[in-house]
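Q:
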Amino acid sequence: MIITKQDIPNFLDSLKNNYQVFAPVKQDNYTMFKAITSGSDAILDYSNSKIPPKGILFPQTEELFSYKVDKQGAHLEEKIDSEQKVIFGIRPCDAKSIALLDNVFNNDKYEDPYYLTRRENTVLVGIGCNQPQSTCFCTSVEGGPFDTTNLDLLLVDIGDKYVVEVLTDKGKKVLTSAACSDASEADKQAAAKTKESATVVSKVNLDGLKQKLDSNFYDEIWDSISEKCIGCAACTYSCPTCHCFDIVDEAKDCDGCRVRNWDSCMFPEFTIHGSGHNPRPSGKERFRNRVMHKFKYFIDVNNATACVGCGRCIQNCPVNLDIREVLADIQGSEARSVS
Ligand code: SF4
Ligand code: SF4
53 MIITKQDIPN
63 FLDSLKNNYQ
73 VFAPVKQDNY
83 TMFKAITSGS
93 DAILDYSNSK
103 IPPKGILFPQ
113 TEELFSYKVD
123 KQGAHLEEKI
133 DSEQKVIFGI
143 RPCDAKSIAL
153 LDNVFNNDKY
163 EDPYYLTRRE
173 NTVLVGIGCN
183 QPQSTCFCTS
193 VEGGPFDTTN
203 LDLLLVDIGD
213 KYVVEVLTDK
223 GKKVLTSAAC
233 SDASEADKQA
243 AAKTKESATV
253 VSKVNLDGLK
263 QKLDSNFYDE
273 IWDSISEKCI
283 GCAACTYSCP
293 TCHCFDIVDE
303 AKDCDGCRVR
313 NWDSCMFPEF
323 TIHGSGHNPR
333 PSGKERFRNR
343 VMHKFKYFID
353 VNNATACVGC
363 GRCIQNCPVN
373 LDIREVLADI
383 QGSEARSVS
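Positions in the sequence shown are counted from 1; adding 52 to them yields this note's numbering.
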């Protein structure tokens, strides 16, 4: 199928009749995913958003329920968001990260109704990356600029129009309100050529990395690798796969609410015990945990690497700590391709 760029604002406006529509919009100097009020707000020729759209499914701050105690007893009101949503223009790496988050919020031990309800009611419309950034390394972590993992529709930009790949029934349903036409042979060839010419130049070598991490917990390499880190957590807050959270009660007299907030393993308070003991007392242990979690523990538990190669942690780190260099140092390899 084909949809012209000119028709996209009308398409988004029509979707708004049935869905809450999120799309990349300009905010100050950044691109961010926001709920749009008009189809013309969406900026689709963007490189990637400053913060991933994961917060649409797993908000940075979320009231889980409110409570009230009175003479009749205790009353709870659960806050499940069941609104139908479309995330329009998500990049393939960010869509793949949601498949990884699914393992966390829906598994044999836990089913998180807050995340799962949003997830079931959300349609993911992706746009492939014609020009991957110098910090992208998705192809090293089983992704790619036109990877369709987890997407309902994929749009391929071929100039003044998109070739639309319909991947699921959810995607098909969304497309019914679009002014689409059939793709010609020339359109299909243009899409194939676009995919072929999208080059991800940056690479990391994951061969044997897991085996190294299985046995290097006490290695002195962690001292030097973590030295520069100032523990600001910009890397984890901007990572599409990070999912640590904290739950607090905010109460006043007999009323209150329970709130879930993003947290980060880069903060000292994250692991401090009630006794005052902290099993990760310095930046070294915290940085090691971040790397271990993504490239060892998540594989142990979910058989997948918890990194999609989006490059945000590289772009946002104030001291230029580069995960590609960290992994190369662990590998003991000089063979890097870092721009
Ligand atoms: S670790 Fe860095 S490159 Fe990997 S998914 Fe997270 S932010 Fe992106
Ligand atoms: S963004 Fe850089 S300095 Fe901040 S916690 Fe992450 S690695 Fe450390």
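Cβ coordinates follow ideal geometry from the N, Cα and C atoms, glycine included.
1. Taking Cβ positions, are Asp146 and Cys359 nearer each other than 8 Å?
2. Out of Glu115, Leu205, Asn182 and Val193, which one is the CA nearest neighbour of Tyr166?
3. Quick one: Cα of Pro184 to Cα of Ala356, how far?
4. Mind checking which residues open and close the beta strand (DSSP E) that includes Asn313?
5. Comparing the CB of Thr83 with every heavy atom of ligand 1, is any distance shorter than 7 Å?
6. Give, in chain order, every unbroken run of the beta strand (DSSP E) that is at least 3 residues long and sits entirely within the segment 72-136.
7. Where in the segment 265-330 do unbroken runs of the beta strand (DSSP E), each at least 3 residues long, occur, reported from the N-terminal end onward?
8. Roughly how many angstroms lie between the CA atoms of Ile179 and Lys148, to the nearest whole one?
9. Using the C-alpha atoms, what's the distance from Glu129 back to Asp307?
10. Determine, using beta-carbon pairs with one atom in the segment 324-343 and one in the segment 233-250, whether at least three such pairs fall under 8 Å.
11. For Ser233, does the three-state DSSP call read helix, strand or coil?
12. I'd like to know if the segment 337-346 and the segment 207-225 are in contact, where contact means that at least 3 CB-CB pairs between them fall below 8 Å.
13. Taking 7 Å as the cut-off, does the CB of Leu373 come closer than this to any heavy atom belonging to ligand 2?
14. At the level of alpha carbons, what is the spacing between Gly196 and Val343?
15. Given a cut-off of 8 Å on the beta-carbon distance, is the pair Ile139 and Phe74 in contact?
16. Name the one or two DSSP bridge partners that Glu217 has.
17. Does ligand 2 have a heavy atom nearer than 7 Å to the CB of Ile103?
18. Relative to the C-alpha of His127, which residue among Leu205, Cys309 and Tyr270 is closest?
19. By a C-beta neighbour count over all protein chains shown, 10 Å radius and 16 as the cutoff for buried, is Val353 buried or exposed?
20. Is Arg388 helix, strand or coil when you go by DSSP?
21. Going by the C-beta, is Lys346 closer than 7 Å to any heavy atom of ligand 1?
22. Starting from Leu176, trace the beta strand (DSSP E) both ways and give me its first and last residue.
23. Please determine if the segment 202-214 and the segment 157-165 are in contact, where contact requires at least 3 C-beta pairs separated by less than 8 Å.
24. Less than 7 Å separating the Cβ of Gly283 from some heavy atom of ligand 2?
25. Can the beta-carbon of Cys181 be found closer than 8 Å to that of Pro144?
26. Is it buried or exposed, Phe110, if we count other Cβ atoms within 10 angstroms and call 16 or more buried?
27. So, at 7 Å on beta carbons, what are the nonlocal neighbours of Ile132 in its own chain, with the 5 sequence-adjacent residues on each side left out?
28. Can you tell me which of Gln112, His325, Ile382 and Ala87 puts its alpha carbon nearest to the alpha carbon of Pro292?
29. What are the boundary residues of the beta strand (DSSP E) that Thr56 is part of?
30. Starting from the Cα of Thr251, find the closest Cα among Ser192, Thr323 and Val177 and give me that residue.
A: Taking the definition as stated:
1. Going by C-beta atoms, Asp146 is not nearer than 8 Å to Cys359.
2. Considering only alpha carbons, the answer is Glu115.
3. 23 Å
4. Asp307 to Trp314
5. Incorrect: Thr83 has no Cβ contact closer than 7 Å to ligand 1.
6. 72-79, 82-87, 113-122 and 125-130
7. 297-304 and 307-314
8. 13 Å
9. 11 Å
10. With fewer than three CB-CB distances shorter than 8 Å, the segment 324-343 does not count as touching the segment 233-250.
11. strand
12. Of all C-beta pairs linking the segment 337-346 to the segment 207-225, fewer than three are shorter than 8 Å, placing the two stretches out of contact.
13. yes
14. 22 Å
15. yes
16. Beta bridge pairing from DSSP links Glu217 with Leu206.
17. No - ligand 2 has no heavy atom lying nearer than 7 Å to the Cβ of Ile103.
18. Cys309
19. Of the residues assessed, Val353 falls on the exposed side of the cut-off, its CB having fewer than 16 other CB atoms within 10 angstroms.
20. In this prediction, Arg388 scores a pLDDT of 46, lower than 50, which makes its location untrustworthy; the coordinate-derived value is nonetheless stated afterwards. Arg388 falls in the coil class under three-state DSSP.
21. Yes, the Cβ of Lys346 comes within 7 Å of a heavy atom of ligand 1.
22. Per DSSP, Leu176 is one residue of the beta strand (DSSP E) stretching across Thr174 to Ile179.
23. No: the two stretches stay apart, fewer than three of their Cβ pairs being nearer than 8 Å.
24. yes
25. Inclusion of Cys181 and Pro144 in the CB contact set at 8 Å is warranted, their separation being smaller than that value.
26. Flag for Phe110 reads buried.
27. Closer than 7 Å at the Cβ level, and outside the excluded window around Ile132, lie Pro165, Tyr166 and Thr169.
28. Per the Cα distances, Gln112.
29. Ile54 to Thr56
30. Ser192
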